[in-house]
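Enquirer: Take this structure, written in structure tokens, and hold onto it; I'll ask about it next.
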Amino acid sequence: MLTQEERAAISEGCDSSPSARAAAPHALGAVQASRGWISDESLSDIAEFLHMTPAELDSIATFYNRIYRSPVGRHVILLCDSVSCWIMDYEYLLNHLLTKLGISGFGETTKDGMFTLLPSACLGACDHAPAMMVDRELFGDLTRQSIDTIIDQYRIKDGDRRTAQSPLATGRKEQ
Amino acid sequence: MATLYIDNKPYEFEEGRNLLHTCLGLGFDIPHFCWHPALDSVGACRQCAVKLFKDENDCTGTIVMSCMTAARDNMRISIDDKEAHEFRAEVIGFLMANHPHDCPVCDEGGECHLQDMTVLTGHTYREHRFKKRTHRNQDLGPFVHHEMNRCIACYRCVRFYRDYAGGKDLEVFGWHDSVYFGRHESGVLASEFAGNLVEVCPTGVFTDKTFRKHFTRKWDLCSAPSVCVHCSLGCNTIAGQRSGVLRRILNRFSEDVNGYFLCDRGRFGYEFVNGSRRVRTPLAKKGRNQKLEPLDRSAAIKRVAELFSSGRPVIGIGSGRASLESNFALRQLVGPQRFFVAESETQHSITTEIVHALRRTPASRASLRDVAKAGAVLVLGEDVTNTAPLLALAVRQACRTAALTNAHGLGIDPWNDAAIRETGHNVRSSLVVATPTLTKLDDVATTVYHAPPDDISRLGFAIAHALDGSAPAPRGLSPEIEAMARGIARDLAQAARPAVVSGAGSGSASVVEAAAGVAAALYKVNHDACLCMSLSECNSFGCTLLGGRDLTAALDAAERDNAEAVVVLEADLYRNCDPAIAGALLTLPRNVVVIDHTLTATAAMADLVLPAATFAEASGTFVNNEGRFQRFFSAIAPQAGFAPGYRWIAEILSVVGPEAPRWETLDDIVNDMESRVADCAGIRAAAPSASFREGSQKIARQSFRASGRTALLANTSVAESPNPADPDSALAFSPEGIQAPREQPLVARYWAPGINSVQAVSKYHGDPPAALVKGEAGADAAENHGAKAPAAFASHASEWLVMPLHHIFGSEELSMLSPSVASLARSALIVLNPEDAAKLSIRENDAVEVSNYALSCACVAAIASWVTKGSAALSVGRPETQGLDLPEWLWIRKAGAP
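Same order as they appear, the protein sequences are chains A and G. When you line the first sequence up against numbering that gives the first Met the number 0, it's residues 0 to 174, in that order. When you line the second sequence up against numbering that gives the first Met the number 0, it's residues 0 to 897, in that order.
Written out as structure tokens, the structure reads:
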């Protein structure tokens, strides 16, 4: 079931789109903003609301790599792996970040369900490479130390919720 | 004619197509995947690269995608250019990176477009040393098998399923190097045209699931050109068999009829041929209440011949599912006065009305191609998706004509599919769906109107009146309907080539009259108008040309003349009329002879059953819904037990009367019919005769690669057995002969050197589009022949007007004997208006009893607001609802209610 707020947000997007199909990315984004990711159930609900079939909407949802069709942590870290950041040796930072988070590669979520690490093709911050983004916050000129500070700050900020239940309990879509 | 220079040689061509299409037509091989002759170009796969030069002095040139480049006069291109060749080899290398190379276990192997293209480009070594991406497959239902790992992401499947056929449950998921083509979750593909994925897919992702159960490589199939028997459209097919088992049905391209596609009933309904209820030897009863027991062939013929020496008349009942030749032979055997058709009085009046309307209309008789190109379509009374599925596919294409015109205005080439769809998002041609039941075309219709048949008919009369003031106007129309009629009339009058579509499905002669009236009135203001009507069976039109009367008349004749016997030809009377009439017809005469391929309820009542050959074992002619004579040829060689209906009758005739015509071959009957029945004058032209030869050879039913020819029977003899003879056609049961004939009616498989897949069809030119067929009476017949609009629908107090509800899977007799089709059929359904349902305390899925004075049938309730209050819709063609002649006023009650 979509909440009242989600419905309102989707409708707003529909008003400024020529068709339901055109409003779909906005609708998916709106629901993801409140739920963190798009479950099969959310997908069916949005599809029904937009008068589309789940297949039509899923086709759009899976096209966008930032629409998450499986659960992610509370914060999504996007580490840029594009040319400038590669020249500035993001790979060295990646290894550090993986150790810091206790995970083994891109696409994984920390055990406490706090962070998910994903690659990004470009963050538009070449002048401050290597760069990464946590949620909507951009960080440039990264070093091992600055990464530690950023992660620690997020952990302190979320301190109260550190032990909160991970949202990773639900199953992944079969594909 | 324009000139195209290919590798410095000039070729003449017709402008208007893209380079790829033009070059394929000229006989060149250019590798391609995403382009398909019916789906046109999107330029997705980058496989069809060629070099384009500015002029004769340009030796550098640029690489272009041939499918995305218009072929123009004096253009210079190179296909063999080294760079272009390397480019193509590189692209196929990418496409093959994740392909599993599992050809030996793949159903597509040996007729795979991907194999052909890979060989064509010269990509012979696997250079991908890494792990391949893999997918999980889905269960897509009984027709289509899914094997995603073989995908090369050409997007043809979704372009056909979603864009062309309007399906909404097959999509592409993901992005980058991991795209997935399938459903949102496992489940039966909802489109009636899903089976075409088998042919559209250039590799083995989508394959024929029914074929898997009795698989044979293409080169081992013995195939023949055939015609579909599962509705009246007469789609052209290719039937492939091995060891006497019919293995599969493929599309046979026909410019005017089915184009490149078939519906799933036509493609998968074939299994009745291999069914357990087939009769394969003559059967006879010793007495009325005895069992049917096998009988010797000559004894059977002698027994039938004796019936003719009694002096009492013999009644013949032909049918719309038997060939024209068999029906004609029966008519000759019993005499035209005693020849009847297996249709109830109502059905027969509708069939006759349709044939009459099509023959007399001043408008053109529309082929499916004409409908697909119509600028506006009015569907009056017919749920075409369920009664004549491919007609629905054609109507769906007609909805795009406005977008095509719009794109033309924008300077977009007619083959540039993606651009046309992009610019045509909000441009839709006028499509009016006015039917008693909900249809699957409603989603693309500009106007939808669901009402009982009489009200549909009234709308038709109102439209005709709005077009032509002299046409009769229905009385007491509501202002809304009148306004709707005027709007529809305006759209039809202004459209280029408007089409009126109707048919026998609503069970109402009045609807047919109304549709004919609209076509006639429309012709007065728009001479490009055309009319398309569907009938109930594959040869209903042909049967009507022979002039038989209905079953009630047959019963009258049997009683009046004290008939000695009744001969029923390929029909189950119980499906076609009141069981009381059928019962009387099968008990009153002293003898009942049934000639049929399946042991139907009627055959079980017979004293003697002569086993008939099906379309796969016999050659013959069907006349489709537009009056087109189409020949089908036997794929399976004649076998000892059974024979085509006309052959049984010819043998009986040779015993009965020495003065009877001697019919040795099919051509003898065809020639005899052409001279005796004026209306069948076109039959001889349906296909070349048995004496036809290309060069000096017959057309080969088998591929020259057919294997095991001598080894097959080596357990009994090492000597090669002679090929079965075929005196009825120009085709041979042999790998020797012409492999790729030029005559479309004789094409037994699509093949060209290097192209083993069905895509070889691009190398076969269709006949030039035929001129529109005008009705025979010309403009004079435009005057309405006295038809009057019926009164408006009014509900009754305790009865409901029960309208026919057709199901693509479930309503047709023969396809229901095919396990795959039968698995999708639901039990009989009655759809009620919510208020009526509440009044009867019926809820969704409740068991319901529908009855009249004589019959009562059990069905399951569904509730929908499109049903007009006071009416209901009931599944037809189901065993539960047999014997009802819908629409009919019936009682409805919840099962168990008082």
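Every residue gets a Cβ at the ideal spot worked out from N, C-alpha and C, and that includes glycine. Source: prediction; values computed, not measured.
My output table needs one value for Asp779 (chain G): the three-state DSSP class, helix, strand or coil.
Expert: For Asp779 (chain G), the pLDDT reaches just 39, beneath the cut-off of 50, and the residue's location in the model is therefore unreliable, although a value from the coordinates is still provided. DSSP places Asp779 (chain G) in helix when its eight states are reduced to three.
Enquirer: My output table needs one value for Met672 (chain G): the three-state DSSP class, helix, strand or coil.
Expert: Reduced to three states, the DSSP call for Met672 (chain G) is helix.
Enquirer: At 9 angstroms on the CB atoms, spell out the chain G contacts of Ser81 (chain A), in chain order.
Expert: In chain order: nothing, as chain G lies at least about 15 angstroms away.
Enquirer: Residues in its own chain within less than 7 angstroms of Phe267 (chain G) by CB, not counting five upstream and five downstream?
Expert: Phe142, Gly194, Thr209, Ser817, Ser819 and Val820
Enquirer: Leaving out five residues on either side along the sequence, give the residues of the same chain with a beta carbon under 8 angstroms from the beta carbon of Ile455 (chain G).
Expert: If we look at Ile455 (chain G) and ignore the five residues flanking it on each side, its Cβ neighbours are Leu379, Gly380, Ala433, Thr434, Pro435, Tyr448, Ser505, Ser507, Val510 and Ala513.
Enquirer: Do Ala397 (chain G) and Ala373 (chain G) have their CB atoms nearer than 8 angstroms?
Expert: Taking 8 angstroms as the Cβ cut-off, Ala397 (chain G) and Ala373 (chain G) qualify as a contacting pair.
Enquirer: Does any residue of chain A bring its CB to less than 8 angstroms from the CB of Arg182 (chain G)?
Expert: Chain A, which has a Cβ nearer than 8 angstroms to the Cβ of Arg182 (chain G), makes this yes.
Enquirer: Would you report the Cα separation of Leu137 (chain A) and Val41 (chain G), rounded to the nearest angstrom?
Expert: For the pair Leu137 (chain A) and Val41 (chain G), the Cα-to-Cα distance works out to about 39 angstroms.
Enquirer: Assuming Val385 (chain G) is part of the alpha helix (DSSP H), what are its boundary residues?
Expert: Reading off the sequence shown, one finds Asn at residue 385 (chain G), where the question assumed Val. Residues Val383 to Thr386.
Enquirer: Counting contacts by CB-CB distance shorter than 8 angstroms, is Asp168 (chain G) in contact with chain A?
Expert: yes
Enquirer: Do we get a CB-CB distance below 8 angstroms when we pair Val303 (chain G) with the residues of chain A?
Expert: no
Enquirer: Assuming Asp47 (chain G) and Ser65 (chain G) make a contact with CB atoms under 8 angstroms, what is their CB distance in whole Å?
Expert: Here the sequence assigns Cys to residue 47 (chain G), which means Asp is not the residue at that position. Right, the Cβ-Cβ distance comes to about 5 angstroms (below 8 angstroms), so this counts as a contact.
Enquirer: Based on Cα-Cα distance, which residue from G:Arg892, G:Gly475, G:Gly707 and G:Leu113 lies nearest to Pro734 (chain G)?
Expert: G:Gly707
Enquirer: Residues of chain A with CB closer than 9 angstroms to the CB of Val143 (chain G), please, in chain order.
Expert: Contact annotation for Val143 (chain G) against chain A: no contact, minimum CB-CB distance about 15 angstroms [criterion: below 9 angstroms].
Enquirer: Output, in chain order, the set of chain G residues within a Cβ distance shorter than 9 angstroms of Asn64 (chain A).
Expert: Near Asn64 (chain A) (Cβ distances below 9 angstroms), the residues of chain G are Trp174 and His175.
Enquirer: Would a check of beta-carbon distances place Val278 (chain G) closer than 8 angstroms to chain A?
Expert: no
Enquirer: Under 8 angstroms, Cβ to Cβ, is there at least one residue of chain G near Ser15 (chain A)?
Expert: no
Enquirer: Would you list the residues sitting across from Met532 (chain G) in a DSSP beta bridge?
Expert: G:Ser501
Enquirer: Nearest chain A C-beta to Val426 (chain G) closer than 8 angstroms, yes or no?
Expert: no
Enquirer: If we count the other Cβ atoms within 10 Å of its Cβ and call it buried at 16 or more, is Cys84 (chain A) buried or exposed?
Expert: By the neighbour-count definition (other C-beta atoms within 10 Å, threshold 16), Cys84 (chain A) is a buried residue.
Enquirer: Give the residues of chain A in contact with Val171 (chain G), contact being defined as C-beta atoms less than 9 angstroms apart.
Expert: Within chain A, the residues near Val171 (chain G) are Ser58, Thr61 and Phe62.
Enquirer: Just the C-alpha distance for His596 (chain G) and Ile29 (chain G), rounded to the nearest angstrom, thanks.
Expert: 46 angstroms
Enquirer: Measuring alpha carbon to alpha carbon, tell me which residue in G:Asn56, G:Asp54, G:Ala636 and G:Leu18 is nearest Asp39 (chain G).
Expert: G:Leu18
Enquirer: Which whole runs of the beta strand (DSSP E) in the segment 60-141 of chain A are 3 residues long or more, in chain order?
Expert: 74-79, 114-119, 131-133 and 136-138
Enquirer: Kindly list, in the order they appear in chain G, the residues whose Cβ is closer than 8 angstroms to that of Ala54 (chain A).
Expert: Lys167, Asp168, Leu169, Glu170, Arg182 and His183
Enquirer: Who are the near neighbours of Pro578 (chain G) in its chain, counting only those whose CB is closer than 6 angstroms to its CB and skipping five residues on each side?
Expert: Gly882
Enquirer: If you draw a straight line from the alpha carbon of Thr108 (chain A) to that of Val133 (chain A), how long is it in whole angstroms?
Expert: 14 angstroms
Enquirer: Can you give, in chain order, each stretch of the beta strand (DSSP E) that sits fully within the segment 294-328 of chain G and has at least 3 residues?
Expert: 313-317
Enquirer: Is it the case that the segment 645-661 of chain G contacts the segment 703-723 of chain G, given that we only count it when at least three CB pairs across the two stretches are under 8 angstroms?
Expert: The segment 703-723 of chain G is not in contact with the segment 645-661 of chain G.
Enquirer: Taking one C-beta from the segment 53-62 of chain A and one from the segment 17-35 of chain A each time, how about it: are there three or more such pairs within less than 8 angstroms?
Expert: Yes, the segment 53-62 of chain A is in contact with the segment 17-35 of chain A.
Enquirer: Quick one: give me the first and last residue of the alpha helix (DSSP H) that Leu23 (chain G) is part of.
Expert: Leu18 to Gly24
Enquirer: Note down the Cα distance separating Ala1 (chain G) from Ala861 (chain G), rounded to an integer number of angstroms.
Expert: 60 angstroms
Enquirer: Inspect the CB distances between the segment 525-544 of chain G and the segment 488-504 of chain G and report whether three or more fall short of 8 angstroms.
Expert: yes
Enquirer: Who are the near neighbours of Ser826 (chain G) in its chain, counting only those whose CB is closer than 6 angstroms to its CB and skipping five residues on each side?
Expert: Val859
Enquirer: Given this structure, state the Cα-to-Cα distance separating Glu616 (chain G) from Glu324 (chain G), to the nearest angstrom.
Expert: Their backbone Cα atoms lie some 14 angstroms apart in a straight line.
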